[in-house]
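K.L.:
With the first letter of the sequence shown counted as 1, position 177 gets the number 176 in numbering that gives the first Met the number 0; the numbers rise by one all the way through. The C-beta atom is built at its ideal place from N, Cα and C for all residues, glycine as well. Just so we're clear, the structure is a prediction, and the values are computed from it rather than from any experiment. Sharing a structure with you now.
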Amino acid sequence: MNPTRDYATVSIYGVPFSKMTMKETVDWMASAIADRRPTHVITANPIILMNAIENEHHMRIMEQADIIVADGTGIVWAADYIGDPLQERVTGFDLLYELMKVGNDKGWKVYMLGAAPEVIEAAASRLQQLYPGVQIVGCRDGFFTEKEDEAVINDIVQAQPDLLFVARGAETQEPWIARYREQLNVPIMMGVGGSFDVISGKLKRAPKWMRSLRLEWFYRLMKEPWRYKRMLALPRFVWKVVRDKGKVKKK
Ligand code: UDP
Numbered sequence: 000m001n002p003t004r005d006y007a008t009v010s011i012y013g014v015p016f017s018k019m020t021m022k023e024t025v026d027w028m029a030s031a032i033a034d035r036r037p038t039h040v041i042t043a044n045p046i047i048l049m050n051a052i053e054n055e056h057h058m059r060i061m062e063q064a065d066i067i068v069a070d071g072t073g074i075v076w077a078a079d080y081i082g083d084p085l086q087e088r089v090t091g092f093d094l095l096y097e098l099m100k101v102g103n104d105k106g107w108k109v110y111m112l113g114a115a116p117e118v119i120e121a122a123a124s125r126l127q128q129l130y131p132g133v134q135i136v137g138c139r140d141g142f143f144t145e146k147e148d149e150a151v152i153n154d155i156v157q158a159q160p161d162l163l164f165v166a167r168g169a170e171t172q173e174p175w176i177a178r179y180r181e182q183l184n185v186p187i188m189m190g191v192g193g194s195f196d197v198i199s200g201k202l203k204r205a206p207k208w209m210r211s212l213r214l215e216w217f218y219r220l221m222k223e224p225w226r227y228k229r230m231l232a233l234p235r236f237v238w239k240v241v242r243d244k245g246k247v248k249k250k
């Protein structure tokens with residue numbers, strides 16, 4: 000069953016992107032936590048969207064997510080292009096930090112799942128140092144098999160977090176959250192991709208000037224050139240939107 004959405008959205012190929020600003024998104028999530036409402040948050044870019052357009056299973060996951068925010072500038076561009084603009088880009092990385100800021104005051108409990116063992120340890124202690132009011136109630140690396148899912152879920156359920164951040168790569172993290180969302184029953188469950196690598200200091204985020212020129216993708220390509228195949232989804236997406244103008248809002 001698809002969730003009811005009590006906020007404005009723009010549909011891009013049937014995927015409902017939230018039109019809320021960062022501030023509104025954080026407030027909306029704070030009320031999900033207050034109501035203990037299990038919420039699957041997807042932070043999507045054109046790569047993830049193209050993947051969903053071309054893969055029905057991934058499309059179902061997007062449709063069933065409670066909120067999808069525009070992580071990529073490509074999504075912001077597409078919404079502008081079809082004449083139904085978003086207020087702003089809401090990146091997963093910034094959203095994580097904004098949630099930690101509020102969590103610092105509210106004493107929210109956070110569980111961090113994903114990345115390599117030394118990365119998750121370093122990311123957890125960094126966040127704890129920056130936000131001492133947040134309770135990190137558990138963390139574990141993201142390299143486990145399906146056989147271990149039950150043990151991983153039990154550990155999360157026992158820790159009773161308000162927020163669960165999952166960093167296992169878009170291909171794995173969103174299907175994993177969608178599959179176990181009822182069992183996990185955490186108010187905010189959010190895939191955060193490579194964020195723990197950046198928080199731990201293992202990877203650097205693009206400098207501000209590059210981000211403001213919308214060149215974050217280029218920075219990533221330079222740092223991790225093996226991504227080029229996946230990143231071809233970006234020009235393919237732009238071309239598709241231009242070709243389909245007028246039909247993008249429909250499925
Ligand atoms: N990762 C993980 N388990 C896996 C695969 C990846 O925990 O089975 C972690 C990886 O260490 C990294 C994060 O997931 O911290 C994102 O991985 P990647 O950048 O390869 O994925 P993408 O965001 O490109 O989909």
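Could you say which of Asp5, Val40 and Asp93 lies nearest to Val165 if we only look at CA atoms?
P.N.:
Closest option to Val165, Cα to Cα, is Val40.
K.L.:
By the 10 Å Cβ neighbour count, where 16 or more other Cβ atoms means buried, how is Lys251 classified, buried or exposed?
P.N.:
Coverage of the chain is limited to positions 0 through 250, which leaves residue 251 absent and any answer about it impossible.
K.L.:
For Asp196, is the beta carbon positioned less than 7 Å from some heavy atom of ligand 1?
P.N.:
Under cutoff, so the answer is yes.
K.L.:
In or out: Met99 buried (at least 16 other Cβ within 10 Å) or exposed?
P.N.:
Label assigned to Met99: buried.
K.L.:
So what does Lys108 bridge to, in DSSP terms?
P.N.:
In the DSSP output, where bridge partners are listed per residue, Lys108 has Gln134.
K.L.:
Roughly how many angstroms lie between the CA atoms of Val25 and Glu223, to the nearest whole one?
P.N.:
Cα to Cα, the separation comes out at about 31 Å.
K.L.:
Look at the alpha carbon of Ile135 and the alpha carbon of Ala33, and state the distance between them as a whole number of angstroms.
P.N.:
The alpha-carbon atoms of Ile135 and Ala33 are separated by roughly 18 Å.
K.L.:
Which partner residues does Arg139 have in the DSSP bridge list?
P.N.:
Partner(s): Leu112.
K.L.:
Taking 7 Å as the cut-off, does the CB of Gly141 come closer than this to any heavy atom belonging to ligand 1?
P.N.:
Gly141: yes, Cβ under 7 Å from ligand 1.
K.L.:
Tell me whether Ile41 sits in a helix, a strand or coil according to DSSP, three-state version.
P.N.:
If DSSP states are grouped into helix, strand and coil, Ile41 belongs with the strands.
K.L.:
DSSP three-state label for Met209, please.
P.N.:
DSSP places Met209 in helix when its eight states are reduced to three.
K.L.:
Nearest-angstrom Cα distance between Gly190 and Arg242?
P.N.:
Whole-angstrom Cα-Cα distance: 31 Å.
K.L.:
Using a Cβ distance threshold of 8 Å, determine whether the stretch 137 to 145 contacts the stretch 211 to 223, with at least three qualifying pairs required.
P.N.:
No: the two stretches stay apart, fewer than three of their Cβ pairs being nearer than 8 Å.
K.L.:
CB Val118 to CB Ser199, shorter than 8 Å?
P.N.:
Taking 8 Å as the Cβ cut-off, Val118 and Ser199 qualify as a contacting pair.
K.L.:
For Thr90 versus Thr20, is the C-beta distance shorter than 8 Å?
P.N.:
Result no, Cβ atoms of Thr90 and Thr20 do not sit closer than 8 Å.
K.L.:
Roughly how many angstroms separate the alpha carbons of Pro15 and Leu163, rounded to a whole number?
P.N.:
Rounded to the nearest angstrom, the two C-alpha atoms are 22 Å apart.
K.L.:
Helix, strand or coil for Leu202? Go by DSSP, reduced to three states.
P.N.:
Residue state, collapsed to three classes: coil.
K.L.:
Using a threshold of 8 Å, state whether the C-beta atoms of Leu85 and Phe236 are closer than that.
P.N.:
Their beta carbons are not under 8 Å apart, which means Leu85 does not touch Phe236 by this criterion.
K.L.:
Under three-state DSSP, which class holds Met58?
P.N.:
Looking at Met58 - three-state DSSP - the assignment turns out to be helix.
K.L.:
To the nearest angstrom, how far is the alpha carbon of Val133 from that of Ile11?
P.N.:
Near 35 Å, if we compare the C-alpha coordinates of Ile11 and Val133.
K.L.:
What span of residues does the beta strand (DSSP E) with Gly193 cover, start to end?
P.N.:
Note, Gly193: premise wrong, no beta strand (DSSP E); not H, not E.
K.L.:
Just curious, the beta strand (DSSP E) that Thr8 is in, first and last residue?
P.N.:
Note, Thr8: beta strand (DSSP E), Thr8 to Ile11.
K.L.:
Please classify Leu163: does DSSP put it in a helix, a strand, or coil?
P.N.:
DSSP places Leu163 in strand when its eight states are reduced to three.
K.L.:
Considering Cα atoms alone, identify which of Arg4, Val156 and Pro234 is closest to Met188.
P.N.:
The shortest Cα separation from Met188 among Arg4, Val156 and Pro234 belongs to Val156.
K.L.:
So what does DSSP say about Pro186, is it helix, strand or coil?
P.N.:
Three-state result, Pro186: coil.
K.L.:
Closer than 7 Å: is that where the CB of Glu170 sits relative to any heavy atom of ligand 1?
P.N.:
For ligand 1, at least one heavy atom lies less than 7 Å from the Cβ of Glu170.
K.L.:
I need the DSSP call for Val237, collapsed to helix, strand or coil.
P.N.:
In the structure shown, Val237 sits in a helix (DSSP, three-state: H, G or I).
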